[in-house]
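Residue numbers (the numbering used here), protein chains in the order written: chain A, 3 to 384; chain B, 3 to 384.
By construction, the Cβ of each residue, glycine as well, lies at the ideal position given by its N, Cα and C atoms.
Quantities reported herein were computed from a predicted structural model and do not represent experimental measurements.
There are 2 protein chains.
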Amino acid sequence: MSIDDVYVIGWGMTPFGRHEVPGTTLGAKAIRMAMESSALEYSEVDALYVGHVYGGMVAGERVGALAGLAGVPTVNVENACASGSSAIIEAAYGISSGRYDVVAVCGFEKLTDSGGMLAPADDDYEGRLGLVFPGWHAMRARLYMDAFGTTREDLAGVTVKNRTHGAMNPLAQFPNPVTLDDVLTSREIATPLRLLDCCPRGDGGASVILASKKYLEAARRRHGSVVKIAGAGLFSGRTDGTYSPLFEDITHRATEAAFSTSGVTRDDVKFAEVHDCFSIAEPFRVEGLGLCEQGTYFDHLKDGKWNVGGSLPVNPSGGLLSKGHPLGATGVAQICEVAWQFSGGAGERQIDGADVALTHTRGGSVPGTEGGSCAVIVCVSA
Amino acid sequence: MSIDDVYVIGWGMTPFGRHEVPGTTLGAKAIRMAMESSALEYSEVDALYVGHVYGGMVAGERVGALAGLAGVPTVNVENACASGSSAIIEAAYGISSGRYDVVAVCGFEKLTDSGGMLAPADDDYEGRLGLVFPGWHAMRARLYMDAFGTTREDLAGVTVKNRTHGAMNPLAQFPNPVTLDDVLTSREIATPLRLLDCCPRGDGGASVILASKKYLEAARRRHGSVVKIAGAGLFSGRTDGTYSPLFEDITHRATEAAFSTSGVTRDDVKFAEVHDCFSIAEPFRVEGLGLCEQGTYFDHLKDGKWNVGGSLPVNPSGGLLSKGHPLGATGVAQICEVAWQFSGGAGERQIDGADVALTHTRGGSVPGTEGGSCAVIVCVSA
Numbered sequence: 003m004s005i006d007d008v009y010v011i012g013w014g015m016t017p018f019g020r021h022e023v024p025g026t027t028l029g030a031k032a033i034r035m036a037m038e039s040s041a042l043e044y045s046e047v048d049a050l051y052v053g054h055v056y057g058g059m060v061a062g063e064r065v066g067a068l069a070g071l072a073g074v075p076t077v078n079v080e081n082a083c084a085s086g087s088s089a090i091i092e093a094a095y096g097i098s099s100g101r102y103d104v105v106a107v108c109g110f111e112k113l114t115d116s117g118g119m120l121a122p123a124d125d126d127y128e129g130r131l132g133l134v135f136p137g138w139h140a141m142r143a144r145l146y147m148d149a150f151g152t153t154r155e156d157l158a159g160v161t162v163k164n165r166t167h168g169a170m171n172p173l174a175q176f177p178n179p180v181t182l183d184d185v186l187t188s189r190e191i192a193t194p195l196r197l198l199d200c201c202p203r204g205d206g207g208a209s210v211i212l213a214s215k216k217y218l219e220a221a222r223r224r225h226g227s228v229v230k231i232a233g234a235g236l237f238s239g240r241t242d243g244t245y246s247p248l249f250e251d252i253t254h255r256a257t258e259a260a261f262s263t264s265g266v267t268r269d270d271v272k273f274a275e276v277h278d279c280f281s282i283a284e285p286f287r288v289e290g291l292g293l294c295e296q297g298t299y300f301d302h303l304k305d306g307k308w309n310v311g312g313s314l315p316v317n318p319s320g321g322l323l324s325k326g327h328p329l330g331a332t333g334v335a336q337i338c339e340v341a342w343q344f345s346g347g348a349g350e351r352q353i354d355g356a357d358v359a360l361t362h363t364r365g366g367s368v369p370g371t372e373g374g375s376c377a378v379i380v381c382v383s384a
Numbered sequence: 003m004s005i006d007d008v009y010v011i012g013w014g015m016t017p018f019g020r021h022e023v024p025g026t027t028l029g030a031k032a033i034r035m036a037m038e039s040s041a042l043e044y045s046e047v048d049a050l051y052v053g054h055v056y057g058g059m060v061a062g063e064r065v066g067a068l069a070g071l072a073g074v075p076t077v078n079v080e081n082a083c084a085s086g087s088s089a090i091i092e093a094a095y096g097i098s099s100g101r102y103d104v105v106a107v108c109g110f111e112k113l114t115d116s117g118g119m120l121a122p123a124d125d126d127y128e129g130r131l132g133l134v135f136p137g138w139h140a141m142r143a144r145l146y147m148d149a150f151g152t153t154r155e156d157l158a159g160v161t162v163k164n165r166t167h168g169a170m171n172p173l174a175q176f177p178n179p180v181t182l183d184d185v186l187t188s189r190e191i192a193t194p195l196r197l198l199d200c201c202p203r204g205d206g207g208a209s210v211i212l213a214s215k216k217y218l219e220a221a222r223r224r225h226g227s228v229v230k231i232a233g234a235g236l237f238s239g240r241t242d243g244t245y246s247p248l249f250e251d252i253t254h255r256a257t258e259a260a261f262s263t264s265g266v267t268r269d270d271v272k273f274a275e276v277h278d279c280f281s282i283a284e285p286f287r288v289e290g291l292g293l294c295e296q297g298t299y300f301d302h303l304k305d306g307k308w309n310v311g312g313s314l315p316v317n318p319s320g321g322l323l324s325k326g327h328p329l330g331a332t333g334v335a336q337i338c339e340v341a342w343q344f345s346g347g348a349g350e351r352q353i354d355g356a357d358v359a360l361t362h363t364r365g366g367s368v369p370g371t372e373g374g375s376c377a378v379i380v381c382v383s384a
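This is how it looks when you write it as structure tokens:
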């Protein structure tokens with residue numbers, strides 16, 4: 003079903019990184035930024051959707067109360083790394099269907115409080131047997147490298163690109179570029195992946211204000227161009243054996259669904275924000291999105307295609323590898339990046355003429371399946 | 003906005019109580035029961051919404067994979083004790099808007115693994131200072147008793163009623179009735195509340211299959227009468243000082259919203275399932291729902307009005323006090339009860355001629371506000 007006339011009329015995010023305040027405070031701070039960006043009154047907000055993983059019971063309502071939105075219908079949405087994107091998609095359908103006119107969406111997470119890696123769930127027997135996220139991505143890296151002749155140096159190029167982009171993003175957790183040598187000499191995490199192949203733990207909040215068409219003209223006057231949520235796809239992973247381990251079935255299905263009623267095609271896409279939780283994840287996702295042929299991501303990487311300044315920048319914000327990855331905030335922050343790009347507010351990393359973009363998040367482990375949740379959103383300038 | 007042509011065509015729940023399997027297994031078991039009840043093929047399910055509080059990252063996707071629904075769009079919805087109801091409301095709007103034709107909704111929880119009471123969130127400063135759920139309800143009990151001359155014995159009558167109802171429900175956690183004396187001599191928890199004034203911790207899963215109008219005739223042939231989701235209200239609590247502590251503003255607002263486009267009124271209601279997490283909660287909720295005047299709940303209790311067999315039974319299933327309260331499962335189990343009542347499958351506790359019912363859940367603590375989340379659903383026989 004199409005998403006009709008849903009626009010991002012306000013946006014904002016905290017810096018990603020270590021913060022000494024609760025996650026709900028970060029979420030509320032982001033909402034206040036987005037509300038200020040929207041120029042709406044708080045009384046105009048009909049509902050609040052909040053994406054987070056570890057915020058705890060009714061964390062979204064606590065965020066809302068802190069932000070000045072106590073009393074509105076509030077829903078907490080969790081879909082692992084796709085939590086923020088899922089919240090946006092559910093909110094967008096809420097507006098498209100006429101249920102609401104204005105919905106505030108927030109994603110936040112506080113990860114620096116917890117030590118070590120994200121623990122698998124008690125009933126995630128694959129994770130409990132060792133197939134945690136770094137291990138799973140490492141196995142996929144070996145598969146990909148074997149199949150397509152990718153080298154360890156090639157892989158490091160993903161991190162180098164995204165850290166170069168992130169160095170142009172004042173809100174990024176890692177604001178400094180790195181060299182191939184930095185990546186290749188960082189400590190091993192899960193062979194062949196090294197520390198700089200992995201996104202960091204971090205804290206942060208991001209928020210967007212979605213609204214129906216009657217708010218569009220005022221938003222255009224305020225921002226120039228704004229983001230129209232033109233299409234979205236959200237899926238869980240299919241059962242093992244129904245897909246190739248060398249191609250992201252879940253990403254492909256979500257992308258097909260997102261484009262199906264969007265009015266644009268892959269050829270129209272000017273840039274993408276994709277879920278590069280590990281360096282190897284970016285080629286899998288870019289190929290799953292259909293932005294290049296399977297097995298050709300690295301050819302284009304070497305040509306500079308995915309760079310800011312190239313013909314199809316991927317992760318101009320710095321992506322998860324550089325901007326950071328406070329789980330619930332990530333998908334919302336991607337839409338913030340699209341909003342900055344479309345409105346000409348992306349500073350040094352501005353992509354000229356950007357009018358169509360994709361965002362992609364994916365995450366979570368479900369034994370016996372390709373994985374938890376994947377969300378793809380097609381954004382068109384309005 | 004109205005909810006149009008959304009029907010409950012299948013339903014099922016596990017017994018509530020202590021279970022030795024993971025919560026996701028309970029959720030999946032409930033889905034399989036509901037699917038069997040619906041007589042649909044699994045391939046006909048368009049999406050899955052799962053309400054839970056403590057299931058962990060992508061627990062809903064794990065439930066889906068176990069149940070045979072791997073691959074479908076899946077959303078985890080959390081709103082404390084209103085998680086299951088919120089999942090139903092979001093799913094119902096998904097169908098009403100034409101986004102989906104068939105949505106499986108599941109609520110589950112596994113609480114017996116955790117010791118002691120539910121811990122307040124780190125940033126719930128009221129909870130951290132001692133205003134945990136039993137304490138909050140105890141304070142409200144004192145207020146209510148002072149205001150309306152309610153006695154400790156009166157209060158015990160709520161538990162006696164609901165335990166009497168639960169003794170007619172083979173899926174209830176507490177299948178045995180209790181006496182006034184049992185309640186009054188149980189150990190003190192938070193004065194004036196005693197152990198039998200408090201709902202138990204428990205595990206369980208519940209599921210309903212929601213579908214659009216094209217599935218109605220087949221469902222009627224199968225079940226006789228089914229539930230139409232005729233209206234719903236979902237709100238977070240307003241800021242302290244904007245409401246009276248003697249009347250549930252959040253419940254009132256959710257009820258008004260639920261009735262506003264439902265085509266029925268309070269006068270049409272034949273029974274209600276309400277959130278009796280503590281004995282004192284039932285009068286507050288019944289009055290907030292507008293089923294009697296403020297301060298008169300106990301007069302009607304003594305007249306037998308709220309009994310199965312009375313003119314307006316409240317919690318025929320046994321409610322949380324007897325059936326149990328596995329958080330995410332509770333709101334979904336309430337709709338299962340309505341489905342059993344409407345289709346004539348409620349056994350000993352059957353309410354003859356039941357054709358309009360209310361369900362109500364409410365929970366979660368948000369400092370500085372009335373509370374987390376409240377969901378009210380108006381059900382009409384179809």
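Reference residue i, options the options, closest by Cα
i                : options                                   : result
VAL160 (chain A) : A:ILE211, A:VAL276 and A:LEU291           : A:VAL276
ASP354 (chain A) : A:THR363, A:THR361, A:GLN343 and A:HIS362 : A:GLN343
THR267 (chain A) : A:PHE280, A:ALA232, A:ILE91 and A:ASP242  : A:ALA232
SER87 (chain B)  : B:SER209, B:GLY70 and B:ARG101            : B:SER209
VAL180 (chain A) : A:ARG144, A:ILE5 and A:LEU198             : A:LEU198
ILE5 (chain B)   : B:ILE282, B:PHE261 and B:VAL79            : B:PHE261
ASP115 (chain B) : B:ASP125, B:VAL228, B:GLU22 and B:CYS200  : B:GLU22
CYS108 (chain B) : B:TYR95, B:ALA49 and B:MET3               : B:ALA49
GLN352 (chain B) : B:GLY370, B:SER375 and B:LEU314           : B:LEU314
ILE191 (chain A) : A:LYS216, A:LEU145, A:TRP138 and A:ARG224 : A:TRP138
ARG101 (chain B) : A:ALA259, A:ASP270 and A:PHE273           : A:ALA259
Below-7 Å beta-carbon distance, residue i vs any chain B residue
i                : result
THR241 (chain A) : yes
SER375 (chain A) : yes
MET2 (chain A)   : Residue 2 (chain A) is absent from the model: chain A starts at 3 and stops at 384.
ALA82 (chain A)  : yes
SER53 (chain A)  : One detail in the question is off: residue 53 (chain A) reads as Gly in this sequence, not Ser. For GLY53 (chain A), the answer is no, since every Cβ of chain B falls outside 7 Å of its Cβ.
TYR95 (chain A)  : yes
MET59 (chain A)  : yes
Beta-ladder partner(s) of residue i, from DSSP
i                : result
ILE379 (chain A) : A:ALA234 and A:THR361
TYR9 (chain B)   : B:ALA213 and B:LYS230
ALA192 (chain A) : A:LEU195
LEU50 (chain B)  : B:THR76 and B:ALA106
CYS83 (chain A)  : A:ASN81
GLU275 (chain B) : B:THR361
ASP205 (chain A) : A:GLY19 and A:LYS112
GLY14 (chain A)  : A:SER209
PHE280 (chain A) : A:CYS200
VAL316 (chain A) : A:ALA274
THR241 (chain B) : B:THR371
Within 7 Å, strictly: CB atoms of residue i and residue j
i                : j                : result
VAL378 (chain B) : GLY265 (chain B) : no
GLY204 (chain A) : GLY321 (chain A) : no
ALA82 (chain B)  : GLY365 (chain B) : yes
ALA93 (chain A)  : VAL105 (chain A) : yes
GLY206 (chain B) : ALA331 (chain B) : yes
SER345 (chain B) : HIS225 (chain B) : yes
Cβ of residue i within 7 Å of any chain A Cβ
i                : result
ARG165 (chain B) : no
ASN78 (chain B)  : yes
ARG64 (chain B)  : yes
ALA67 (chain B)  : yes
Beta carbon proximity, residue i to chain D, threshold 7 Å
i               : result
SER99 (chain A) : Annotation note: the requested chain D is absent from the structure, which comprises protein chains A and B.
Tell me which residues of the segment 27 to 46 of chain B have at least one Cβ-Cβ distance to chain A shorter than 9 Å, keeping chain order.
THR27
Quick one, which residues of the segment 352 to 367 of chain B are near chain A if we go by CB-CB under 9 Å, in chain order?
GLY365, GLY366 and SER367
Taking only beta carbons into account, state which residues of the segment 273 to 295 of chain A come closer than 7 Å to chain B, listed in chain order.
none
Output needed in chain order: residues of the segment 293 to 319 of chain B with a Cβ under 9 Å from some Cβ in chain A.
none
Interfacial residues, the segment 109 to 136 of chain A to chain B, with Cβ spacing under 8 Å
LEU120, ALA123, ASP124, ASP125 and ASP126
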